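K.L.:
Quick one: the structure is below, questions incoming.
Residue numbers (UniProt numbering): 1 to 299.
Okay, structure coming up:
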């Protein structure tokens, strides 16, 4: 995993999107996508719509980067108003000349939300998917995925560290906390699966020596991975244990940016089924939270 840097999350493409004409970030600048489900109220009658939101997280300069550049590494990225990312001209002498002549080479990019180098994983969680997790417990399907180059901090943002737990950990803690505090009088079942997509082939990371799996269409549940093993879980620690087990089977290789770079996409899928006791089965709520750690986006 890329535990040296940080860079954020993102999400579902099931949306009626209007083409976004905003400027794209320059090459090498990490991006994070967040799908935010907007819903009013809670429960089975809550209305919902899906949309694609884009969040960006600026990874701080790492010490190894400073050493590799022999001290010439510069911080040229700024965040303004929690939405605007400014990329400065790295050539200070040239930048001064441009200012004298009334010109500027700085670039500005606007996102739905932007996080600076001092942000923690909990800040990213609160600013992006916190309410999505609540929606998932009320029957919505939510997908969060991290996108960026190798070493940009995707795995750090998704998994985190003991001192700075990532979005996966924070989401799972919220699910089981609310299960106890808000839905203690209901049947509330949680299952999880963990798959890997490598060279366009799907494998079950929770099965030793898993063979290739296929996608099938289910008339009631939609597209499903045939033969996937789903594990009942009762706590965040159980899911994290399965996650750690699965990560030992992921395809990795050494790159210039990361000694153990993930070469595959990994999808942790948490399914929540809620059924109020003494009520009809038609009131069952089924939500799904898919947390995706993508391989590096470089070609």
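The C-beta atom is built at its ideal place from N, Cα and C for all residues, glycine as well. No experiment lies behind these values; they were computed from the predicted model shown.
Spatial neighbours of residue 236 within its chain, please: C-beta separation below 6 Å, excluding the five flanking residues on both sides.
P.N.:
Residue 236 sits at position 236 when you count from the first residue of the chain shown. Same-chain partners within the cutoff: 172, 173, 176.
K.L.:
What are the start and end residues of the beta strand (DSSP E) that includes residue 193?
P.N.:
For the purposes of this step, residue 193 is taken as residue 193 along the chain shown, with counting starting at 1. Residue 193 -> beta strand (DSSP E) spans 186-198.
K.L.:
In whole angstroms, give me the CA-to-CA distance for residue 26 and residue 89.
P.N.:
Residue 26 sits at position 26 when you count from the first residue of the chain shown. Residue 89 sits at position 89 when you count from the first residue of the chain shown. At residue 26 the pLDDT is 43, less than 50, meaning the model places this residue with poor confidence; the figure from the coordinates comes in the next sentence. Cα to Cα, residue 26 sits roughly 12 Å from residue 89.
K.L.:
Which value, in whole angstroms, describes the spacing of the CA atoms of residue 111 and residue 123?
P.N.:
Stepping through the chain shown from its first residue, residue 111 is reached at position 111. Stepping through the chain shown from its first residue, residue 123 is reached at position 123. Cα-Cα distance, rounded: 16 Å.
K.L.:
Since residue 313 is in the beta strand (DSSP E), which residue starts that stretch and which ends it?
P.N.:
No answer is possible for residue 313: the residues shown for the chain start at 1 and end at 299.
K.L.:
Distance, Cα to Cα, residue 263 vs residue 295?
P.N.:
On the chain shown, residue 263 is found 263 positions in, with the first residue counted as 1. On the chain shown, residue 295 is found 295 positions in, with the first residue counted as 1. Between residue 263 and residue 295, the C-alpha separation is close to 5 Å.
K.L.:
Does residue 231 pass the burial test, meaning 16 or more other C-beta atoms within 10 Å, or should it be called exposed?
P.N.:
The residue labelled residue 231 in the question sits at position 231 within the chain shown. Exposed, because fewer than 16 other Cβ atoms sit within 10 Å of the Cβ of residue 231.
K.L.:
Buried or exposed for residue 339, going by 16 or more other Cβ atoms inside 10 Å?
P.N.:
This structure cannot settle anything about residue 339, because the visible part of the chain is limited to 1 through 299.
K.L.:
In chain order, what residues of the same chain have a beta carbon less than 6 Å from the beta carbon of residue 291, not counting five sequence neighbours either side?
P.N.:
Taking the first residue of the chain shown as position 1, residue 291 is located at position 291. Result list for residue 291: 144, 168, 268, in chain order.
K.L.:
Assuming residue 83 contacts residue 113 (C-beta within less than 8 Å), just tell me the rounded distance between them.
P.N.:
Along the chain shown, read from residue 1 onward, the residue named residue 83 stands at position 83. Along the chain shown, read from residue 1 onward, the residue named residue 113 stands at position 113. 6 Å between Cβ atoms; contact.
K.L.:
Give me the residue from 58, 155, 170 with the minimum Cα distance to residue 132.
P.N.:
Residue 132 sits at position 132 when you count from the first residue of the chain shown. Nearest of 58, 155, 170 to residue 132, Cα basis: 170.
K.L.:
Have a look at 91, 121, 166, 116 and flag the residue whose alpha-carbon is nearest the alpha-carbon of residue 105.
P.N.:
Taking the chain shown and counting its residues from 1, the one referred to as residue 105 is at position 105. The shortest Cα separation from residue 105 among 91, 121, 166, 116 belongs to 91.
K.L.:
So, for residue 164: in the same chain, excluding its five sequence neighbours on each side, which residues have a beta-carbon less than 7 Å away from its beta-carbon?
P.N.:
If you number the chain shown from 1, residue 164 lands on position 164. So the qualifying residues of the chain are 120, 121.
K.L.:
Looking at the strands, I want to know which residues DSSP matches up with residue 274.
P.N.:
In the chain shown, the residue the question calls residue 274 occupies position 274. Bridge partners of residue 274: 188, 285.
K.L.:
Compute the Euclidean distance between the alpha carbons of residue 197 and residue 54, then round it to the nearest angstrom.
P.N.:
Residue mapping note: residue 197 aligns to position 197 of the chain shown, counting from 1. Residue mapping note: residue 54 aligns to position 54 of the chain shown, counting from 1. If you take the alpha carbons of residue 197 and residue 54, they lie about 23 Å apart.
K.L.:
Taking the CB atoms as reference points, tell me whether residue 192 and residue 233 lie closer together than 8 Å.
P.N.:
What you label residue 192 is simply residue 192 of the chain shown in a count that begins at 1. What you label residue 233 is simply residue 233 of the chain shown in a count that begins at 1. Yes, the Cβ-Cβ distance between residue 192 and residue 233 is below 8 Å.
K.L.:
Going by alpha carbons, who is nearest to residue 209 out of 221, 250, 271?
P.N.:
Reading the chain shown from its first residue, position 209 is the one you call residue 209. Nearest option by C-alpha distance: 250.
K.L.:
How far does the alpha helix (DSSP H) with residue 168 in it reach, from first residue to last?
P.N.:
For the purposes of this step, residue 168 is identified with residue 168 of the chain shown, where counting begins at 1. Element bounds for residue 168: 167-181.
K.L.:
If you follow the alpha helix (DSSP H) that residue 80 is in, where does it begin and where does it stop?
P.N.:
Position 80 of the chain shown, counted from the start, is the residue given in the question as residue 80. Not the alpha helix (DSSP H): residue 80 falls in the beta strand (DSSP E), residues 77-80.
K.L.:
In chain order, what residues of the same chain lie with their CB nearer than 8 Å to the CB of residue 243, ignoring the 5 residues before and after it?
P.N.:
Indexing the chain shown from 1 puts residue 243 at position 243. Counting only Cβ-Cβ distances below 8 Å, and skipping sequence neighbours, we find 159, 168, 194, 268.
K.L.:
State the DSSP-derived secondary structure class of residue 90, mapped to helix, strand or coil.
P.N.:
Taking the chain shown and counting its residues from 1, one reaches residue 90 at position 90. Coil at residue 90, not helix or strand.
K.L.:
With the cut-off set at 8 Å, would you say residue 206 and residue 151 are in Cβ contact?
P.N.:
Here the question's residue 206 lines up with position 206 in the chain shown. Here the question's residue 151 lines up with position 151 in the chain shown. The answer is no: Cβ separation not under 8 Å.
K.L.:
Compare the beta carbon distance of residue 277 and residue 178 with 8 Å and say whether it is the shorter of the two.
P.N.:
Translated into the one-based positions of the chain shown, residue 277 becomes position 277. Translated into the one-based positions of the chain shown, residue 178 becomes position 178. No, Cβ-Cβ distance for residue 277 and residue 178 is not below 8 Å.
K.L.:
Along the beta strand (DSSP E) that carries residue 144, what are the first and last residues, could you check?
P.N.:
If you number the chain shown from 1, residue 144 lands on position 144. Residue 144 -> beta strand (DSSP E) spans 141-147.
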